[in-house]
Every structure is written in C-alpha cells, then in structure tokens.
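Written out below as structure tokens is the structure these notes cover.
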Amino acid sequence: MTKIYVAGHRGMVGSAIVRSLQAKQEEGEAIELIIRTHAELDLTDQACVKSFFSDARPDVVILAAAKVGGIHANNTYPAEFIYHNMMMECNVVHQAWAAGVKRLLFLGSSCIYPKFAPQPMREDSLLTGTLEPTNEPYAIAKIAGIKLCESYNRQYGASHGVDYRSVMPTNLYGPNDNFHPENSHVVPALMRRFHEAVAADASEVVIWGSGKPYREFLHVDDMAEAALFVLNLPQAIYEANTLPMLSHINVGTGQEVSIAELAELIAKITDFSGKIVFDSSKPDGTPRKLMDVSRLKNMGWSAKIGLREGLENTYRWYQQASMVRSV
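Following this line, the structure appears as structure tokens:
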C-alpha cells in the first residue's frame, strides 16, 4: 500500500489529482490517500507540519498547495503571495525529507519564466531575465520551490534516495477554479462576467487589457494526469531528460490563443450576444506565454482535452455550482 499525501486537495489542481488517484483506487491500485484541510493542518506552521509528517508517515508527497490569484490579487497582496507560498514549500519539502519521504512532486507555474522569454518558453529560460512585475513575488516563490527540490536531490539523492521532482503547468482552468470577481484568473473571470451579463441581459461586457496578449490554457484534468505521469516515471528516464540544476518539466498544450479570441469563445459558450469592450487602460501582463512542451512529449505524454471541450465542461460545472450556492 502506497500512502500518498496530496497537499492542497481542495484547490483546483489538488482536487483533480485526488479524483485521478481515486479512479486508480477503484481500478484496484494499492493507494491510501492522505488529505488534510487547512483547518486541520496549516502548512505555514513549521511545528504543525513536522507533527503531521511524524504521525502520517506518507510514502509520496504531491505539493499542490499554493496561494494563487490573478493580476489584481498579485498586485494587491504581494507580501501574502511570497510569504505563504515560500513557507508552505519550505515546511513541506524539509519535513518530508526529515520523515524519510523518498518521492515528492512540486507543482509550480509558467510565471517562473522571464517576461520576455523566447517563445515557446523552454525549461532552460529559467533565471535568464526579468520577471513580469505584476506577479514577481509569486514567481520567485515558485522558483524557490524548484530549487528546494533540486537542492535536496543534490545533497540527499545518493545518501537518502531522495527523488523530488517539479512540474510547471501553463495557465490552468477547470472544475473547482476560483470564480471570485476580483481575485480570479482569466478563464473563470471571463466565464463569470459573461454568465452574469447574460443573466442581467447586459448589452456589453468590459474586459481588462487590450485583448492582444496570447495565452496557453490546459484543462486541470489533463494537468492531473501529467503530474502523475511525471511522478511515476522511472528515475532513469526522468534523469535522462533533465539536469540536476535544471530538473523541472513544462506541462501544457503547446497551443496558444489571444485573450480576445478566448473572450469570443467563452461568449459563445455562455450564449452572450452583446458587445465585448476591451479596456486598454488596464494592464495586459506578459505579452505572450507559450510553453515548449517537447521535453514532456518526448517522454510520452501529451494533452488530450481541447480548449472548447474543456471550456464547455468547466462552464457546466460552474452552472451547477452556482445553482447549488443559490439554493
């Protein structure tokens, strides 16, 4: 029986990973899931994390816990974003090592790359330029998480059998996303805005920025499958495709769409027929963010869920969740 602790199981990515692991349990795999709510375990509290690992003794850790948000949230709460994310990473990685955990997977973000990194962004673009200012604190915390894993591998890989890996997903969306009107990412923000515009019979929807930046989007169920694929890769294959100080792996679709095109697609899915207005006085963020996913593809994994299919799936989930909240 393999005991797997999923940190952040209530978040969008963590919940998708839990669903995938539960499906494997139903198929007969010998997996014991370990989960804790924030009320049960504060990952920023070193003593609590130490006690948890001492008692639970997981075999595998998947670190999907993070404080996340869009441009507005990152600009408004920079101290919270860097503090909470770095504390969670340091506590979980170190206490996992102290408790003898050999296998750990850290989930980062594509924002680790420089604002003007060559496109598509390769893993070796890391630390080659200035970050996007609007989410620099969050990005630095995620870079620190990668380097934590690499450092523990370098110091304790041979002596303790430590094998800590990192995956960097592109922009994610899907069930259990954050649809907060101010602190959400672009897909849930647009989906909520168009949904409410239809309900209010509004004639137009105003969107932050020019609509010109390009983004890549990956459905969270694809991300969950990719995460488990990388986690379970034989060590020889993982090491053959990475370097000790360049060990993270990009996860994405390798395809991009402009924010304007995304808005038009979501408008169709939500049945909004009014005017879409772009407010160019608001920040655009990074002009382009496309991941080079050749490293992962060469190891045998590619995304399966198309953008339209994924957005339709997400909108159905949002409608059902909205109905439950209104009851």
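According to the numbering used here, the sequence shown is numbered sequentially starting from 3. Backbone N, C-alpha and C fix where the C-beta goes; we use that ideal spot for every residue, glycine too. These figures come from a predicted structure and were not determined experimentally.
Identify every residue that forms a DSSP beta bridge with GLU280.
At residue 280 the sequence reads Phe, which differs from the Glu that was named. In the DSSP assignment, PHE280 forms a beta bridge with ILE209.
Residues in the same chain with beta-carbon distance under 7 Å from ALA18, minus the five sequence neighbours each way, listed in chain order, please.
These residues qualify, in order along the chain: GLY176, VAL222, ASP223, MET225 and ALA226.
How about VAL164 and GLN97: are their beta carbons less than 8 Å apart?
Not a contact, by the Cβ cut-off of 8 Å.
When burial is assigned at 16 or more other CB atoms within 10 Å of the CB, is VAL295 buried or exposed?
It is buried - the Cβ of VAL295 has at least 16 other Cβ atoms within 10 Å.
Would a C-beta distance cut-off of 8 Å place THR132 and MET293 closer than the cut-off?
At a Cβ-Cβ threshold of 8 Å, THR132 and MET293 do not count as neighbours.
In the DSSP assignment, what residue or residues form a beta bridge with GLU34?
In DSSP, GLU34 forms a bridge with LYS5.
Close-in-space but distant-in-sequence residues of the same chain around ALA228 (CB under 6 Å, 5 per side omitted):
Excluding the 5 residues flanking it on each side, ALA228 has same chain C-beta neighbours closer than 6 Å at VAL253 and TRP303, in chain order.
Could you tell me if HIS40 is buried or exposed, where buried requires 16 or more neighbouring beta carbons within 10 angstroms of its beta carbon?
So HIS40 ends up on the exposed side.
CB-CB length for GLY102 against LYS144, believed under 8 Å:
Rounded, the Cβ-Cβ distance is 26 Å, inconsistent with contact.
Per DSSP, what are the beta-bridge partners of SER304 in this structure?
In DSSP, SER304 forms no bridge with anything.
Does ARG167 pass the burial test, meaning 16 or more other C-beta atoms within 10 Å, or should it be called exposed?
Result: buried.
Under 8 Å between the Cβ atoms of TYR7 and VAL95?
The answer is no: Cβ separation not under 8 Å.
Should LYS104 and PRO60 be called a contact, given that it needs their Cβ atoms to be closer than 8 Å?
No. Outside cutoff.
Let's see if you can read the secondary structure: which residues bound the alpha helix (DSSP H) around SER153?
Per DSSP, SER153 belongs to the alpha helix (DSSP H) from 138 to 162.
In whole angstroms, give me the CA-to-CA distance for LEU1 and ARG310.
Residue 1 lies beyond the stretch modelled for the chain, which goes from 3 to 329, so this question has no answer here.
With the cut-off set at 8 Å, would you say HIS250 and GLU134 are in Cβ contact?
At the C-beta level, HIS250 and GLU134 stay beyond 8 Å of one another.
According to DSSP, is TYR317 part of a helix, a strand, or is it coil?
In the three-state scheme derived from DSSP, where H, G and I count as helix and E and B as strand, TYR317 is classed as helix.
Exposed or buried, SER186, counting other C-beta atoms within 10 Å across all chains shown (16 or more means buried)?
Per the 10 Å Cβ criterion, buried.
Quick one: which unbroken alpha helix (DSSP H) runs of 4-plus residues sit fully inside the segment 179 to 255? Chain order, please.
For the segment 179 to 255, the continuous alpha helix (DSSP H) assignments of 4+ residues that do not extend past its boundaries occur at 188 to 201, 222 to 233 and 237 to 242, in sequence order.
In the DSSP assignment, what residue or residues form a beta bridge with LEU65?
When beta bridges are read from the DSSP output, LEU65 appears opposite ALA9 and PHE108.
Range of the contiguous alpha helix (DSSP H) that encloses TYR335:
Here the chain has residues from 3 to 329 only, and residue 335 is not among them.
Identify whether VAL329 lies in helix, strand or coil by the three-state DSSP scheme.
With a pLDDT of 43 at VAL329, under the threshold of 50, the modelled position of this residue cannot be trusted, and the question is left open.
Identity of the residue in SER161, LYS69, ILE114 and ASP44 nearest ASN93 by Cα:
From the listed residues SER161, LYS69, ILE114 and ASP44, the smallest Cα separation to ASN93 is found for ASP44.
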